[in-house]
Amino acid sequence: TQLLEQSPQFLSIQEGENLTVYCNSSSVFSSLQWYRQEPGEGPVLLVTVVTGGEVKKLKRLTFQFGDARKDSSLHITAAQPGDTGLYLCAGWPGGFKTIFGAGTRLFVKA
Amino acid sequence: DVKVTQSSRYLVKRTGEKVFLECVQDMDHENMFWYRQDPGLGLRLIYFSYDVKMKEKGDIPEGYSVSREKKERFSLILESASTNQTSMYLCASSPPGQGWYYNEQFFGPGTRLTVL
Chain H
350 TQLLEQSPQF LSIQEGENLT VYCNSSSVFS SLQWYRQEPG EGPVLLVTVV
400 TGGEVKKLKR LTFQFGDARK DSSLHITAAQ PGDTGLYLCA GWPGGFKTIF
450 GAGTRLFVKA
Chain V
3 DVKVTQSSRY LVKRTGEKVF LECVQDMDHE NMFWYRQDPG LGLRLIYFSY
53 DVKMKEKGDI PEGYSVSREK KERFSLILES ASTNQTSMYL CASSPPGQGW
103 YYNEQFFGPG TRLTVL
């Protein structure tokens, strides 16, 4: 069974702090996506990483794919209240199925 | 922008009722998915469809069925709702093909179903 474990499960920080969220697996993925989900809404795609070691930046968000394509991290610099939400990682091993992590719930206090 | 809409945002049903959840996408995507989302469990795939009238079971198909009569529409049916089917139901679609970029999924806003 392929699993994606996310840590931490919950994170509550002050505005302006930095944070890192992790997504780990023992399986290799062809690609990995990060989604953000706000309360009462569906997940929205933030980024897809494909190549081992790849780093992508989206404004204050930095995404990294592990060299072996088994893990990924999301780093947020100077967090803002608008970053509050559930962050989901999703690994694609190929085919039709996507493996989702349980998510990291982030709360940024003003 | 891809738009995925779901028929209801909130739904309350009684045990034993037949429940229909409908999903419509407007980007001509061939792949459509139904997930349920429960705290601490992430998204679990119920069914997916890769073409009209085609369907495949996901990880938790028991108690559910699906229908895809038109490309843009994918329906999830709970034949006899039970309390353990209380959950957030998410529909998603993705473009055709098997490359990594075609796995990016576009989600609807979700239907929060409560079965009493």
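Order-wise, the sequence lines are chains H and V. So the mapping is simple: the working numbering equals the position in the first sequence, first residue as 1, plus 349. So the mapping is simple: the working numbering equals the position in the second sequence, first residue as 1, plus 2. All C-beta atoms in this analysis are idealised placements derived from N, C-alpha and C, irrespective of residue type, glycine included.
Exposure of residue i, with buried meaning 16 or more beta-carbon neighbours within 10 Å
i	result
H/Ala296	Residue 296 of chain H lies beyond the stretch modelled for chain H, which goes from 350 to 459, so this question has no answer here.
V/Met56	exposed
V/Val14	exposed
H/Arg409	exposed
V/Asn86	exposed
V/Leu45	buried
V/Ser67	exposed
V/Arg120	There is no way to answer for residue 120 of chain V, as the model of chain V reaches only from 3 to 118.
H/Pro388	exposed
V/Gln107	buried
H/Cys398	Inspection of the sequence shows that residue 398 of chain H is occupied by Val rather than by Cys. So H/Val398 ends up on the buried side.
According to DSSP, residues forming a beta bridge with residue i
i	result
V/Glu24	V/Ser77
H/Val377	Beta-bridge pairing links H/Val377 to no other residue.
H/Thr397	H/Gln382
H/Gln355	H/Cys372
H/Val457	H/Ile362
H/His424	H/Thr369, H/Thr411
V/Thr116	V/Val14
Contact with chain H by residue i, beta-carbon distance below 9 Å
i	result
V/Phe76	no
V/Phe50	yes
V/Glu81	no
V/Glu24	no
V/Val68	no
V/Leu115	no
V/Val199	Within the shown structure, residues of chain V are numbered from 3 to 118, placing residue 199 of chain V beyond reach of any answer.
V/Leu43	yes
Min CB distance residue i to chain V below 9 Å
i	result
H/Phe449	yes
H/Phe456	no
H/Ser380	yes
H/Gln403	The amino acid at residue 403 of chain H is misidentified as Gln; the sequence shows Glu. For H/Glu403, the answer is no, since every Cβ of chain V falls outside 9 Å of its Cβ.
H/Gly415	no
8 Å contact criterion, which residue i and residue j should meet: CB distance rounded
i	j	result
V/Asn33	V/Phe50	7 Å
H/Gln386	H/Leu435	4 Å
Cβ of residue i within 9 Å of any chain C Cβ
i	result
V/Pro63	Among the chains of the structure shown, chain C does not appear; the protein chains present are H and V.
> Which parts of the segment 18 to 71 of chain V are runs of the alpha helix (DSSP H), unbroken and 4 residues or longer, counting only runs that do not cross its ends?
Replying inline: Counting only runs of 4 or more, we get nothing.
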